[in-house]
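Colleague: First, the structure itself, so that you have it in front of you.
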Amino acid sequence: MKRARVFVFALATVCGALPAGAQTPSATLGASPSTALGAGEVTERFSRTSHLDANGAFDLINLHGNIVITAGSGRDVTIEAVKRVQRPNQNAARALLQTIDIQVVEEANRIEVRTSYPRPRNFPGSVDFTITVPADVNVSVRATGGGIRATGIRVEALRTVSGDIDLVDASADQFATASAVSGNVTVRGLTARAIQLTTVSGNVRVDNSRADRLMARAVSGDVEYAGELARSGRYELISHSGDVRLLLSGSTGFDVQANSFSGSVQSDFPITRRGRGAEGTGRGAATPRAIRGAFGDASAMLVLRAFSGSISIGRR
Amino acid sequence: MRTADLELAARCRAGDADAFEELYRQHARRLFSLVVRMIGSVEDAEDLLQEVFLQAHRKLAGFRGESTLGTWLYRLTMNHCLDHLRGRQARMSRATDSLDDEGTAEPMAPAPAVPPAISRMDLETAIGALPPGSRAAFLLHDVEGFEHREIAGILGVSEGTSKSQVHKARLKLRAMLRR
Amino acid sequence: MNCESYEDVLGDYVDGARASGLPGDVRLAAFERHLAGCARCQALVADFTSIRGAAARLEEHVPPPRLWTRVVASIAAQQRRPWWRRPIADAVPSWAPVAVAVSLALLIAGATWLAWKQEPAQAPHEAVGGPAEPEAAPAEQPYEAAIAGLEQLAASQDASLDADTRAVLKQNLAVLDRAISESRAALADEPANALAQDSLLDALDTKVALLQDTVALAADAYTVSDDAAGAAKELNQ
Numbered sequence: 001m002k003r004a005r006v007f008v009f010a011l012a013t014v015c016g017a018l019p020a021g022a023q024t025p026s027a028t029l030g031a032s033p034s035t036a037l038g039a040g041e042v043t044e045r046f047s048r049t050s051h052l053d054a055n056g057a058f059d060l061i062n063l064h065g066n067i068v069i070t071a072g073s074g075r076d077v078t079i080e081a082v083k084r085v086q087r088p089n090q091n092a093a094r095a096l097l098q099t100i101d102i103q104v105v106e107e108a109n110r111i112e113v114r115t116s117y118p119r120p121r122n123f124p125g126s127v128d129f130t131i132t133v134p135a136d137v138n139v140s141v142r143a144t145g146g147g148i149r150a151t152g153i154r155v156e157a158l159r160t161v162s163g164d165i166d167l168v169d170a171s172a173d174q175f176a177t178a179s180a181v182s183g184n185v186t187v188r189g190l191t192a193r194a195i196q197l198t199t200v201s202g203n204v205r206v207d208n209s210r211a212d213r214l215m216a217r218a219v220s221g222d223v224e225y226a227g228e229l230a231r232s233g234r235y236e237l238i239s240h241s242g243d244v245r246l247l248l249s250g251s252t253g254f255d256v257q258a259n260s261f262s263g264s265v266q267s268d269f270p271i272t273r274r275g276r277g278a279e280g281t282g283r284g285a286a287t288p289r290a291i292r293g294a295f296g297d298a299s300a301m302l303v304l305r306a307f308s309g310s311i312s313i314g315r316r
Numbered sequence: 317m318r319t320a321d322l323e324l325a326a327r328c329r330a331g332d333a334d335a336f337e338e339l340y341r342q343h344a345r346r347l348f349s350l351v352v353r354m355i356g357s358v359e360d361a362e363d364l365l366q367e368v369f370l371q372a373h374r375k376l377a378g379f380r381g382e383s384t385l386g387t388w389l390y391r392l393t394m395n396h397c398l399d400h401l402r403g404r405q406a407r408m409s410r411a412t413d414s415l416d417d418e419g420t421a422e423p424m425a426p427a428p429a430v431p432p433a434i435s436r437m438d439l440e441t442a443i444g445a446l447p448p449g450s451r452a453a454f455l456l457h458d459v460e461g462f463e464h465r466e467i468a469g470i471l472g473v474s475e476g477t478s479k480s481q482v483h484k485a486r487l488k489l490r491a492m493l494r495r
Numbered sequence: 496m497n498c499e500s501y502e503d504v505l506g507d508y509v510d511g512a513r514a515s516g517l518p519g520d521v522r523l524a525a526f527e528r529h530l531a532g533c534a535r536c537q538a539l540v541a542d543f544t545s546i547r548g549a550a551a552r553l554e555e556h557v558p559p560p561r562l563w564t565r566v567v568a569s570i571a572a573q574q575r576r577p578w579w580r581r582p583i584a585d586a587v588p589s590w591a592p593v594a595v596a597v598s599l600a601l602l603i604a605g606a607t608w609l610a611w612k613q614e615p616a617q618a619p620h621e622a623v624g625g626p627a628e629p630e631a632a633p634a635e636q637p638y639e640a641a642i643a644g645l646e647q648l649a650a651s652q653d654a655s656l657d658a659d660t661r662a663v664l665k666q667n668l669a670v671l672d673r674a675i676s677e678s679r680a681a682l683a684d685e686p687a688n689a690l691a692q693d694s695l696l697d698a699l700d701t702k703v704a705l706l707q708d709t710v711a712l713a714a715d716a717y718t719v720s721d722d723a724a725g726a727a728k729e730l731n732q
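Chains as they are written, first to last, in this note's numbering: chain A, 1 to 316; chain B, 317 to 495; chain C, 496 to 732.
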């Protein structure tokens, strides 16, 4: 045991200071003493294993740091974390490290993990998490800063202020939401009844996902939807100054209302127009500011809106 | 009346936002005034009332309709206020008084002692100087207009106690407001 | 002549009770007879009546709109999810954007507070941008109220979030404010333009959501440091 620790220590010093927020290998060492890595950064590991029964809930509230959460087989919940503080004075750094607390509360098939610090205003460092949960547990994550990468989980809500969100092969009971303030939201292979993806500065990208209702919105950033449309699904894609892009596969018909205030609107699909200028069908009209009409059996509904960005509906 | 209360409580429990807002809208205004005067601070009153509604939201699960929802909410609020005041008193290391406070009776003048038009500020100040138990009863009765029967339910005392607390409060106020 | 023994009925008398010949009024009637000849009790009745009258006329303290938002935020923080999220089927009318369900509570809150104010509505705090801003259209007012309330709340909780996060939030609120003023300007040029209307409401909606999240974040941060006090209170229940 002692030998292993010494080995890690040596390896760590050889590697030098890891940039804050780098992915950490998930070693299961348990709580080890603060380890010094290069100029004034100290870290401390935290490790905890628990379990959740079917349909349990897992909530994580973190301040700064990256979060990786993956669904595993079995009923185990494994929580690995690395606390980091960077200060020129290592003793000061170590003292601050001690004040970063990771609280784990377990009750009634619910686990809540929370990073805390006596004065959040001056949060001194970051905590990176690597977590596995059973695949049928509802996961909510909220971070103030840092990216969230989730794979295979059953998701309820992922939120961060600054950082990217990557959600892969996930599902939700009813309603899934992922939101960032400054960061990209990328979702691949998500299945849910209703999905809400938002960011203020950043892009939203949806790929190969399935929902009855989808709302994707960016303020200054692009919104892109790639994949099939669900029959009688409702999709609302909105950007203010970015572009709205659809790359559709499959053959589901749709009814579309697409409007841009000062950008162009274009479709590769033949749209039977309605309302003003409904005469004639046409492929990819020149550069109107609006398209209202139907393609195929119009079973899905698309509402596409951009203020200064452009809107395009294309084939994948 | 009770069935409407039970229904509202059930809807709140089920997470119906409109129902809880309904509850808030019905009572928050009067409760706020009450709390400001009970604890003597507008900022603290905000914090306290937020606590009360947060707790109410949690505790609605246990509402069985033995009282009206209003009485239940007022009781919760008064408990918070009295706790707050007890805490403050403890910090100021004065003897805690029970609800049935035995203050020294002021000598009673045989002629009307208070001016016919009492200034609001004087009255508010005087109310703030009342001991918590009689202050609570006075606020509920003379300011908010509750009957002794309702006050008894809110404060968890007998009607007789409510009456005597209001009487004590009026006597003390009379002494303080004497011109 | 024992004035003290009439203490309770004296109170009833001040409250307006008068003997009307019913059997239950015996003590009240006795007091009224006593009162006729007792200067001391007459003085008390006069003074108590003045006090009671003044008390009934005391002005209400009106709770600020932000109190409701604080309540909502603290409940949300406690439950770690939007507590107003109802079963999707009921909450979201046929073609309403999904985001509306989430912001609905705040719209209601805003409208409610506007309706409550009996004084002529104080001009909603104009949170957005410069002097040449076009007037807020009626459809925006619930948003304005909600935003003003949330901004006050967020400002009061400013101490809870770290500098980096506050900077990011501030930057992005500025992005939103730019989007709002662009939309307003477009709407000023073309008031009937449905897209401009929608863009404006979208941006307001997003701003509300952002402020809401900020408040919830800050509330969370506070919850932690007040944990000891909170725990003590819980134990006393």
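Every residue, glycine too, gets a C-beta built ideally from N, C-alpha and C.
This one's a predicted model, so the numbers in the text were calculated from it and none came from an experiment.
(1) Taking the beta strand (DSSP E) that Phe175 of chain A belongs to, which residues open and close that run?
(2) When the distance is taken between beta carbons, is Asn203 of chain A closer than 8 Å to Gly146 of chain A?
(3) How many angstroms separate the CA atom of Ser179 of chain A from the CA atom of Asp321 of chain B?
(4) What span of residues does the beta strand (DSSP E) with Leu523 of chain C cover, start to end?
(5) Can you confirm whether Thr701 of chain C, when its beta carbon is compared against all beta carbons of chain A, has any partner nearer than 8 Å?
(6) I'd like the list of long-range same chain contacts for Val540 of chain C, defined as Cβ closer than 8 Å, with 5 residues on each side in sequence excluded.
(7) Can you tell me which of the three DSSP states Glu499 of chain C falls into?
(8) CB-CB under 7 Å to Glu475 of chain B, same chain, minus the five flanking residues each way: which ones, in chain order?
(9) Is any heavy atom in the ligand FMN found nearer than 7 Å to the beta carbon of Leu517 of chain C?
(10) Just to confirm before moving on: does the CB-CB distance between Ile131 of chain A and Thr78 of chain A stay below 8 Å?
(11) Leaving out five residues before and five after Ser251 of chain A in sequence, what residues of the same chain have Cβ atoms less than 8 Å from its Cβ?
(12) Runs of 4 residues minimum, wholly inside the region 340-403 of chain B: which ones carry the alpha helix (DSSP H) assignment?
(13) Against chain C, which members of the region 162-182 of chain A pass a CB distance test of less than 8 Å?
(14) For a test of the three-state rule: what should DSSP assign to Tyr225 of chain A, helix, strand or coil?
(15) On the three-state DSSP scale, how would you describe Tyr235 of chain A?
(16) I need the boundaries of the beta strand (DSSP E) containing Ser676 of chain C, first residue and last residue.
(17) Check whether the Cβ atoms of Leu671 of chain C and Val223 of chain A lie closer than 8 Å to each other.
(18) Could you list the residues in the region 679-698 of chain C with a C-beta less than 7 Å from some C-beta on chain A, going in chain order?
(19) Could you tell me the distance, in whole angstroms, from the CA atom of Lys375 of chain B to the CA atom of Val459 of chain B?
(20) Given that a residue counts as buried once 16 or more other Cβ atoms are within 10 Å of its Cβ, and exposed if not, what is Asp684 of chain C?
(21) For Ser515 of chain C, return the contacting residues in chain B, with the cut-off set at a CB-CB distance below 9 Å.
(22) Under 8 Å Cβ-Cβ, which residues of chain D neighbour Ala674 of chain C?
(23) Closer than 8 Å is the cut-off here; do at least three beta carbon pairs connect the region 375-393 of chain B with the region 424-438 of chain B?
(24) Counting along the chain, where does the beta strand (DSSP E) carrying Ile165 of chain A start and finish?
(25) Would Leu530 of chain C pass as an interface residue toward chain B - the criterion being a Cβ-Cβ separation below 8 Å?
(26) Do Gly221 of chain A and Asp268 of chain A have their C-beta atoms closer together than 8 Å?
(27) Just list the residues that DSSP pairs Glu44 of chain A with in beta bridges.
(28) Step through the CB atoms of chain A and report whether any lies within less than 8 Å of the CB of Leu705 of chain C.
(29) Check each candidate in C:Val521, C:Pro560, C:Arg522 and name the one with the smallest Cα separation from Gly644 of chain C.
(30) Quick one: grab the DSSP three-state call for His240 of chain A.
(31) Taking only runs that begin and end inside the region 85-172 of chain A, name each unbroken alpha helix (DSSP H) of 4 or more residues, in chain order.
(32) Please state if the CB of Ile69 of chain A and the CB of Ala192 of chain A are separated by a distance shorter than 8 Å.
(33) Please confirm whether Val113 of chain A and Leu158 of chain A have their CB atoms less than 8 Å apart.
(34) With Arg273 of chain A as the anchor, note down where its beta strand (DSSP E) starts and where it stops.
(35) Following the continuous alpha helix (DSSP H) through His64 of chain A, name the residue where it begins and the one where it ends.
(36) Is any beta-carbon of chain C found at less than 8 Å from that of Glu382 of chain B?
Modeller: This is what the structure gives:
(1) Here the beta strand (DSSP E) through Phe175 of chain A covers 175-182.
(2) Between Gly146 of chain A and Asn203 of chain A, the CB-CB gap reaches or exceeds 8 Å.
(3) In this structure, the straight-line span from the alpha carbon of Ser179 of chain A to that of Asp321 of chain B is close to 38 Å.
(4) Counting along the chain, Leu523 of chain C falls outside any beta strand (DSSP E), though it belongs to the alpha helix (DSSP H) covering 521-531.
(5) Yes, Thr701 of chain C lies at the interface with chain A (some Cβ there is under 8 Å from its Cβ).
(6) Excluding sequence neighbours, Val540 of chain C sits near Leu505, Tyr508, Val509, Leu530.
(7) Helix at Glu499 of chain C.
(8) Correct list, in chain order: His464, Arg465, Ala468.
(9) Judged by which ligands are present, the structure shown has none, so any question about the ligand FMN falls away.
(10) Taking a C-beta distance under 8 Å as the contact criterion, Ile131 of chain A and Thr78 of chain A qualify as a contact pair.
(11) Closer than 8 Å at Cβ, skipping near neighbours: Gly296.
(12) Segments of the alpha helix (DSSP H) lying fully in the region 340-403 of chain B: 358-375.
(13) Taking a C-beta cut-off of 8 Å against chain C, the contacting residues of the region 162-182 of chain A are Ser162, Gln174, Phe175, Ser179, Val181, Ser182, listed in chain order.
(14) In this structure, Tyr225 of chain A counts as strand in the three-state DSSP scheme.
(15) In the structure shown, Tyr235 of chain A falls within a strand segment according to DSSP collapsed to helix, strand and coil.
(16) The continuous stretches of beta strand (DSSP E) do not include Ser676 of chain C, which lies in the alpha helix (DSSP H) extending over residues 658-684.
(17) No; because the gap between Cβ atoms is not below 8 Å, this pair is not in contact.
(18) Cβ contacts with chain A come from Ala681, Leu690, Ala691, Asp693, Ser694, Asp697, Ala698.
(19) C-alpha separation (whole angstroms): 28 Å.
(20) The residue in question, Asp684 of chain C, is exposed, as its Cβ has fewer than 16 Cβ neighbours within 10 Å.
(21) None at all; the shortest Cβ gap to chain B is about 18 Å.
(22) Going by chain labels, chain D is absent from the structure shown, which instead holds the protein chains A, B and C.
(23) As far as the Cβ criterion goes, the region 375-393 of chain B does not touch the region 424-438 of chain B, which means the pair count is below three.
(24) Taken as a continuous stretch (DSSP letters only), the beta strand (DSSP E) holding Ile165 of chain A covers 165-168.
(25) So no, Leu530 of chain C is outside the interface.
(26) Not a contact, by the Cβ cut-off of 8 Å.
(27) According to DSSP, residue pairing for Glu44 of chain A in a beta bridge involves A:Lys83.
(28) With a threshold of 8 Å between beta carbons, Leu705 of chain C makes contact with chain A.
(29) Selected option, being the one with the closest Cα: C:Pro560.
(30) Looking at His240 of chain A - three-state DSSP - the assignment turns out to be coil, as it is neither helix nor strand.
(31) For the region 85-172 of chain A, whole alpha helix (DSSP H) runs of length 4 or above, ordered along the chain, are 90-99.
(32) Taking C-beta atoms as the reference points, Ala192 of chain A and Ile69 of chain A fail to come closer than 8 Å.
(33) For Val113 of chain A and Leu158 of chain A, no; Cβs fall outside 8 Å.
(34) Here the beta strand (DSSP E) through Arg273 of chain A covers 271-273.
(35) No alpha helix (DSSP H) holds His64 of chain A; the beta strand (DSSP E) holding it covers 57-64.
(36) No, Glu382 of chain B does not count as interfacial toward chain C.
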